[in-house]
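Undergrad:
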């Protein structure tokens with residue numbers, strides 16, 4: 004667990020950077036044999052003012068950064084650390100790219116994808132064996148999301164299930 008906490012702390016640093024810029028506090032890092040190979044954080048500056056971008060999530064940006072640099076590493080040896088449970092899009096993108104180890108801090112009660120019943124899906128997914136480790140440094144991540152949702156300037160997911168759930172959680 005100590006290694007999981009070490010890398011989650013790095014993901015949390017990215018999430019804190021995002022929060023400081025008024026962004027949704029999700030950070031992600033991809034690790035191979037103790038080395039951080041790629042990272043990403045939510046960054047709404049990647050799209051035009053006033054438009055919501057639900058493509059450039061932290062995990063997707065980290066994966067893009069990895070693929071831009073990847074020298075053919077075995078993807079099943081990669082570990083993704085995210086400050087929030089990956090959504091269905093991020094989860095399926097990671098597993099389709101061969102990633103089999105996902106560690107997250109805070110559960111996404113509104114859109115988390117890690118409970119997708121892979122054995123019940125089509126053959127491409129049915130035989131995949133994914134290792135998921137939830138709640139690593141959960142309270143640290145929860146603290147960032149509470150800060151985000153209590154800031155009146157932040158309107159992203161305002162009045163949502165995620166906001167009400169987050170604000171009801173104890174640190």
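In the working numbering, the protein residues as written are 4 to 174.
For every residue, glycine included, the Cβ atom is placed at its ideal position computed from N, Cα and C.
Is the CB-CB distance between residue 40 and residue 72 below 8 Å?
TA: Yes. Within cutoff.
Undergrad: If distances are taken between C-alpha atoms only, which option among 110, 95, 113 and 109 comes closest to residue 120?
TA: With distances taken between Cα atoms, residue 120 lies closest to 95.
Undergrad: Straight-line CA distance for residue 8 to residue 86?
TA: Cα to Cα, residue 8 sits roughly 11 Å from residue 86.
Undergrad: Starting from residue 135, follow the beta strand (DSSP E) in both directions and report where the run begins and ends.
TA: Run containing residue 135: 134-136, per the beta strand (DSSP E) assignment.
Undergrad: Can you name, in chain order, every residue of its own chain whose Cβ lies under 8 Å from the Cβ of residue 129, other than the five neighbours on each side?
TA: Correct list, in chain order: 121, 122 and 123.
Undergrad: Taking a contact to mean a Cβ-Cβ separation below 8 Å, would you say residue 32 touches residue 13 in this structure?
TA: Cβ distance < 8 Å, so residue 32 and residue 13 count as in contact.
Undergrad: Could you pull the start and end residues of the beta strand (DSSP E) that residue 81 belongs to?
TA: Residue 81 -> beta strand (DSSP E) spans 81-87.
Undergrad: Suppose the cutoff is 6 Å on Cβ atoms and the five residues either side in sequence are ignored; what does the same chain contact list for residue 34 look like?
TA: Only 10 and 82 meet the Cβ criterion.
Undergrad: Determine the direct distance from the alpha carbon of residue 140 to that of residue 101, and round the result to whole angstroms.
TA: Distance between the alpha carbons of residue 101 and residue 140 is about 25 Å.
Undergrad: Could you tell me which whole alpha helix (DSSP H) segments of length 4 or greater appear in the segment 5-64?
TA: You should have 5-23.
Undergrad: Does the distance from the CB of residue 99 to the CB of residue 114 come in under 8 Å?
TA: Contact flag unset, no.
Undergrad: So the beta strand (DSSP E) residue 125 belongs to, where does it begin and stop?
TA: Taken as a continuous stretch (DSSP letters only), residue 125 belongs to no beta strand (DSSP E), as it is neither H nor E.
Undergrad: Hey, how far is the Cα of residue 112 from the Cα of residue 77?
TA: The straight-line gap from Cα to Cα measures roughly 31 Å.
Undergrad: Do you know how far the Cα of residue 155 is from the Cα of residue 167?
TA: So the alpha carbons of these two residues sit roughly 14 Å apart.
Undergrad: Residue 238 lies in the beta strand (DSSP E); which residues open and close that run?
TA: Since the first residue of the chain shown is 4 and the last is 174, residue 238 is not available in this structure.
Undergrad: Please report how far the alpha carbon of residue 57 lies from the alpha carbon of residue 159, in whole angstroms.
TA: Their Cα atoms are separated by approximately 11 Å.
Undergrad: Just to confirm my understanding: we take residue 65, look at its own chain, exclude 5 residues before and 5 after, and list those with CB closer than 6 Å. What are they?
TA: Only 31, 33, 41, 42 and 43 meet the Cβ criterion.
Undergrad: Tell me the residue span of the alpha helix (DSSP H) that contains residue 168.
TA: It spans 164-171 - the alpha helix (DSSP H) in which residue 168 sits, taken as one unbroken run.
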